[in-house]
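These notes concern the structure reproduced below.
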Amino acid sequence: MNFAFTRIVRSVLISAFLIFLSGSSIEVFAQQPGTAAPTTDRQRGIDFFRRGEIKSAIQALTISTKQNKADGEAWYYLGLALARNNQYDKAGKAFEASTKLQPEFGPGHTAYSYALLLTGKTEAAGKEARRAIELDDRLAEAHYVLGVVYLRDGRLADAELEAGRAIRFNPSFPKAFLLKSQALLGLYARSSVAGAYPGENATEEQLEKWREERAQAREFLKQATAAMESFVSRSPSEQTEIWREQLATMRVHLDGTSDILRSADVTTRAKVLKKPEPSYTEEARNAGVEGTVVMRAVFGSDGKVKHILVLTSLPYGLTEAAVAASRRIKFIPATKDGKPVSMWMQLEYNFNLY
């Protein structure tokens, strides 16, 4: 089965970007050698930005960059202000100008990589993140961006590694824990597929390999659950409802409840009678988002879909739409020895723009 481990929820990226914008790395720029002498408009713009007066900051810094196009610091703060105002295309252009003027300033490359990632320029985002890491390996945000790039490219082990580095350099960076959890969930899903039961006629060698693969999959899920717990505990409750539900479901899957059977253990599999399609949200359509939401769920003996574990998510409400649609599935429960039983099932919802 082809898993689309290519996206991470856009709101996660934006939230992480805001963490970066409020970080101490911003103040480093003023200490960089070769920065142009302050101008009145530039200093006013920086002060506006620090006070959270974003529109005033954009106005003052725009004037400043027009007056002195070689002022890398003004371009950097203009990019930060534009990003805070959700103008990511313009922010990217400002960061690009800043990095050209101050090529040795790591936080500038990091901010530029975020803006590129948020505007769909994944390859360029990875390049800028790597450049930032070359300049300063301790930039947790750059490791995070590179991890997201790897996650989108399906390089799950590399994504998990970069998430770990981001956490090492900034243990209070919540989104790095979420990235780690999602990468490990992807590895869990791959291992689960690779470790399918070899059948009743399997040799002892095949059974041993299956047991090892099953143990590896469980370890991935265990680590993913721990990372999700760390993310939820470090994040505002109003921003993590869907992830709290995910955590509860991960715990159920990790527990391996004995009365939930695999397809190989049932007499007849659950038969889907009606599978409603999720609606495409207007925000996702406007953003041109396409892809696949992959889930693992329990088709209960009571005729209800429950314990839905999101393995691959999409932004702009598409994950939520897929989860809601899956709950409306009508099916005949699986049976074992003539009795209805609960079983694990995999679900995929494809979102394509035509």
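The sequence shown begins at 186 in our numbering and counts up one residue at a time.
All C-beta atoms in this analysis are idealised placements derived from N, C-alpha and C, irrespective of residue type, glycine included.
Because the structure is a prediction, the values reported are computed rather than measured.
Boundaries (first-last residue) of the alpha helix (DSSP H) holding residue i
{"i": "Pro292", "result": "291–303"}
{"i": "Tyr329", "result": "325–337"}
{"i": "Lys456", "result": "Where Lys456 is concerned, there is no enclosing alpha helix (DSSP H), although the beta strand (DSSP E) it sits in stretches over 456–459."}
{"i": "Tyr262", "result": "257–269"}
{"i": "Glu505", "result": "503–512"}
{"i": "Glu390", "result": "389–419"}
{"i": "Lys240", "result": "239–252"}
{"i": "Arg235", "result": "225–235"}
Cβ of residue i within 9 Å of any chain D Cβ
{"i": "Ile427", "result": "No chain D appears in the structure shown, which is made up of a single protein chain."}
Own chain residues within Cβ distance below 7 Å of residue i, not counting five before or after
{"i": "Gln391", "result": "Pro383"}
{"i": "Asp343", "result": "Tyr335"}
{"i": "Arg429", "result": "Val417"}
{"i": "Thr434", "result": "His492, Ile493, Leu494"}
{"i": "Val405", "result": "According to the sequence shown, residue 405 is Phe rather than Val. If we look at Phe405 and ignore the five residues flanking it on each side, its Cβ neighbours are Leu369, Leu372, Tyr373, Ser376."}
{"i": "Arg513", "result": "Pro461"}
{"i": "Gly523", "result": "none"}
{"i": "Arg229", "result": "Ala245"}
{"i": "Asp444", "result": "Ser527"}
Secondary structure of residue i, DSSP reduced to three states
{"i": "Leu538", "result": "coil"}
{"i": "Ser464", "result": "coil"}
{"i": "Ala482", "result": "strand"}
{"i": "Leu446", "result": "strand"}
{"i": "Glu426", "result": "helix"}
{"i": "Val474", "result": "coil"}
{"i": "Lys524", "result": "strand"}
{"i": "Gln287", "result": "coil"}
{"i": "Thr452", "result": "coil"}
{"i": "Glu163", "result": "Coverage of the chain is limited to positions 186 through 539, which leaves residue 163 absent and any answer about it impossible."}
{"i": "Pro356", "result": "coil"}
{"i": "Ser207", "result": "Summary for Ser207: the model assigns pLDDT 49, below 50, so the residue's position carries little reliability, and this model does not support an answer."}
{"i": "Gln272", "result": "coil"}
{"i": "Asp487", "result": "coil"}
{"i": "Gly371", "result": "helix"}
{"i": "Glu281", "result": "helix"}
{"i": "Lys306", "result": "coil"}
{"i": "Val213", "result": "Bear in mind that the predicted position of Val213 carries a pLDDT of just 41, short of 50, making it unreliable; the figure below should be weighed with that in mind. Val213: helix per DSSP, three-state reduction."}
{"i": "Arg340", "result": "coil"}
N-terminal and C-terminal residue of the beta strand (DSSP E) that residue i is part of
{"i": "Ile517", "result": "515–517"}
{"i": "Val495", "result": "490–497"}
Paired residues, beta bridge with residue i - DSSP
{"i": "Glu319", "result": "Answer is none; Glu319 lacks a bridge partner."}
{"i": "Gln531", "result": "Arg481"}
Own chain partners of residue i with C-beta closer than 6 Å, once the 5 adjacent residues on each side are dropped
{"i": "Phe280", "result": "Gly264, Ala296, Tyr297, Ala300"}
{"i": "Ile248", "result": "Asp226"}
{"i": "Ile427", "result": "none"}
{"i": "Val318", "result": "The question names Val, but residue 318 is Ile in the sequence shown. Only Ala327 meet the Cβ criterion."}
{"i": "Lys459", "result": "Lys515"}
{"i": "Asn270", "result": "Ile239"}
Close-in-space but distant-in-sequence residues of the same chain around residue i (CB under 8 Å, 5 per side omitted)
{"i": "Ala455", "result": "Phe484, Phe516, Ile517, Pro518, Ala519, Met528, Met530"}
{"i": "Leu302", "result": "Leu198, Ala310, Val330, Val333, Val334"}
{"i": "Glu468", "result": "Tyr501, Gly502"}
{"i": "Arg235", "result": "none"}
Cβ-Cβ distance between residue i and residue j below 9 Å
{"i": "Ala266", "j": "Phe233", "result": "yes"}
{"i": "Gly257", "j": "Leu286", "result": "yes"}
{"i": "Glu533", "j": "Val479", "result": "yes"}
{"i": "Leu538", "j": "Leu370", "result": "no"}
{"i": "Leu363", "j": "Arg403", "result": "no"}
{"i": "Thr304", "j": "Arg337", "result": "no"}
{"i": "Ser420", "j": "Pro359", "result": "yes"}
{"i": "Ala325", "j": "Lys365", "result": "no"}
{"i": "Leu446", "j": "Val526", "result": "yes"}
{"i": "Ala506", "j": "Ser448", "result": "no"}
{"i": "Ala314", "j": "Gln367", "result": "no"}
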